[in-house]
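Data block below; observations after.
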């Protein structure tokens, strides 16, 4: 096994014209080139997903942190290798340092990629199979139900604009989000066995605006319900429920962010393992 590792590493170093003790400039340029290449996609995903209301709503800032971790880890790799070369660290210490650098950075990326993958898949699965069972989807479903009930009383045919209905501005789903004190009071009531006051946590203008934007963006209807009547987008055919469309958007994060990050982490980890068995380092 050691012979194979030596041949592979020597072949790579000889092909690019650098090695552990020669061609330091070329090695740094090569690592910088890899840094740029592997950082482009995460940075693109960072720009896209940081502005995606659905990803931010359901996954928070976790995908953004994971995307930024890739260029940060690769830059740390460049700095670490440069340190061992420029400061003439003892060969044995430099060997151990390089191995640990690649292994640690690889492990960090593997863990972060795996975490965002599991989170995205969990949210996507819950939206498809258990919509309404978690607080976020339950809040949106209750808001949508409140909107539907109000709309039915105003216009059973669902033809006129709901916002033109009398008393629209006074509805619970048009109220501002609850304050921290109101949330704490509701949690205390729930722990004491009391029924929470309606609309304090689950219904607010924030959820209403999100539902309106979602129905227009995905051309969907309802939230957890299938084949519901469109409330805002009158041109929607009602073939898809909004929760399923959101699940597809959120689930894509596991493929575009989680798996590439974990894959890069595996590559760095394997490089560290190979360096551990490389006799010419």
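Residue numbers (the working numbering): 141 to 421. Ideal Cβ positions, reconstructed from N, Cα and C, are used throughout, including at glycine.
By Cβ distance below 7 Å, which residues in the same chain neighbour residue i in space, the five residues on each side in sequence not counted?
i	result
residue 391	260, 261, 264
residue 352	372
Does DSSP put residue i in a helix, in a strand, or in coil?
i	result
residue 354	helix
residue 361	strand
residue 299	coil
residue 274	coil
residue 142	Reliability fails at residue 142, whose pLDDT of 45 lies under 50, so the model's placement of it is uncertain and no value is given.
residue 197	helix
residue 172	helix
residue 250	helix
residue 208	helix
residue 192	coil
residue 372	coil
residue 344	coil
residue 366	coil
residue 269	helix
In the DSSP assignment, what residue or residues form a beta bridge with residue i?
i	result
residue 381	361
The alpha helix (DSSP H) that contains residue i, what's its start and end?
i	result
residue 308	It is not in any alpha helix (DSSP H) - residue 308 carries neither H nor E in the DSSP assignment.
Alpha carbons only, please: which of the options is nearest the one belonging to residue i?
i	options	result
residue 184	286, 406, 206	206
residue 350	365, 367, 314	314
residue 289	176, 187, 368	368
residue 209	300, 273, 373, 252	252
residue 386	355, 241, 373, 375	355
residue 383	216, 192, 215, 266	266
residue 348	371, 365, 413	371
residue 176	202, 218, 190, 188	218
residue 199	393, 379, 168, 278	393
residue 364	345, 346, 255, 282	282
residue 411	306, 310, 243	243
Considering only residues of the same chain and omitting the five flanking positions on each side of residue i, which have a CB-CB separation below 6 Å?
i	result
residue 389	194
Can you list, in chain order, the residues of its chain with a C-beta nearer than 8 Å to that of residue i? Leave out the 5 residues immediately preceding and following it.
i	result
residue 197	276, 350
residue 302	287, 290, 291, 294, 295, 308, 371, 372
residue 248	209, 213, 405
residue 256	199, 202, 203, 206, 393, 394, 397, 398, 401
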